[in-house]
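These protein sequence lines map, in sequence, to chains V and A.
Per my numbering: the first sequence = residues 3 to 189.
Per my numbering: the second sequence = residues 734 to 843.
Idealized CB from N, CA, C, for every residue including glycine.
Since we're looking at a predicted model, the values are computed, not measured.
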Amino acid sequence: MSEKTPKPNHLEGPPTQKADVSAPSQDSLLALSTGIAERAAAGSVLEEATTGPRVAGKNEPEPVTKAEPDAAPLAHVPARAESGASTGEPAKTTPTLAAQIKAQGVEMLRMYATIIKNPTLIFKGFGEVMKDLFYELPKSLLSRNEDTEPRPVAEQLATKSSQALALSEAMTVAGSQLGVLAATKLL
Amino acid sequence: MDPLTSSTAGAITGNYLAGVVGYLGAYLLLTRGVETYTAKNAAKDAYTLMKKCLPLAVFAYATHAPIPAALVSLGLSPQLAAAINSLWGILLYTGVAKVAANDTIKENRS
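Here it is as structure tokens:
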């Protein structure tokens with residue numbers, strides 16, 4: 003029964019690949035035994051020869067000289083793969099969905115608690131929005147000077163969020179009317 | 734369902750959905766010029782902000798009727814009561830949403 007089962011595909015490989023694996027190993031043995039091959043040529047052949055057994059059998063240990071050439075491709079491997087199997091350390095467990103929801107809920111409650119403790123934050127936030135809309139936005143539109151230094155990203159994002167909030171508020175008027183129309187037609 | 738209930742439910746749903754869609758779209762468009770801030774970051778921040786504002790929106794919708802009714806009972810005209818209620822809602826929502834936006838920007842960029 004074991005004879006009838008086909009071999010796994012990853013062990014077979016195409017015929018050209020087999021020829022590539024076997025040919026360099028013979029050349030390298032010949033080069034090592036006779037010592038005729040030059041250093042540069044032998045180096046390239048040896049490098050090819052070392053790749054042969056690694057393709058055929060993955061359990062064989064890699065030579066020490068292969069550590070440096072393989073270092074560059076490893077740079078592209080994501081950090082998740084590096085921390086997992088290569089070091090032998092257990093992979094970091096990601097928090098579950100329930101834990102994430104709980105953490106976000108706690109964070110939200112903390113924000114609301116801060117606002118309830120300091121109600122002036124509401125007026126301060128509203129004032130920031132008004133300032134962004136009626137002072138910062140016209141200022142940036144009117145004075146487009148290339149020499150001025152760009153503002154910090156956090157400051158730019160805060161201004162953009164104020165503008166987005168104002169646009170969102172404006173859209174809610176139309177949204178409410180559409181909602182009334184849809185509900186009275188459907189319900 | 735009677736017309737008043739259906740129109741109120743439709744207005745609340747439309748209001749919140751339009752607010753979410755409006756903020757997401759506007760924030761995505763407005764942050765396009767900001768370097769080192771991708772559209773994915775913008776969408777994530779906008780989503781986080783809208784999620785934080787949901788309890789506030791529910792509270793605002795819940796107080797949508799009692800506040801004007803109380804103002805009318807105090808002697809104000811219905812139009813003035815509705816206007817005061819709208820202004821108070823805008824002030825409350827915008828102020829809290831701005832605090833939440835600053836909070837979100839600070840969290841995600843720290």
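Problem - Beta-carbon spacing of Ala744 of chain A, Ala166 of chain V below 9 Å - result: no
Practice task
Can you give me, in chain order, the residues of the region 143-172 of chain V that have a beta carbon less than 9 Å from any beta carbon in chain A?
Solution key: Pro152, Val155, Ala156, Gln158, Leu159, Ala160, Thr161, Lys162, Ser163, Ser164, Gln165, Ala166, Leu167, Ala168, Leu169, Ser170, Glu171, Ala172
Handout entry: Own chain partners of Glu190 of chain V with C-beta closer than 7 Å, once the 5 adjacent residues on each side are dropped
Key = What the structure shows of chain V is the stretch from 3 to 189, and residue 190 of chain V is not part of that stretch, so it cannot be assessed.
Handout entry: Buried or exposed by the 16-neighbour rule on C-beta atoms within 10 Å, applied to Asn818 of chain A
Key = buried
Exercise for the section: Using alpha carbons as the reference points, say which of V:Val175, V:Ala160, V:Ala101, V:Leu180 lies closest to Asp778 of chain A. Expected result: V:Ala160
Handout entry: Helix, strand or coil at Met693 of chain A according to DSSP, with G and I counted as helix
Key = Chain A is shown only over 734 to 843; residue 693 of chain A falls outside these bounds and no answer can be derived.
Problem - Contact with chain A by Val182 of chain V, beta-carbon distance below 9 Å - result: yes
Handout entry: Collapsed DSSP secondary structure at Gly701 of chain A in the structure displayed
Key = Given a span of 734 to 843 for chain A in the structure shown, any question on residue 701 of chain A remains unanswerable.
Problem - Under 8 Å by beta carbon: chain V residues contacting Pro788 of chain A - result: Met110, Tyr114
Handout entry: Span separating the alpha-carbon of Leu813 of chain A from that of Tyr749 of chain A
Key = 24 Å
Exercise for the section: Starting from the C-beta of Leu139 of chain V, find all residues in its chain whose C-beta is less than 7 Å away, skip the five residues before and the five after it, and write them out in chain order. Expected result: Gln165
Handout entry: CB contact flag (Met113 of chain V, Ala833 of chain A, <9 Å)
Key = yes
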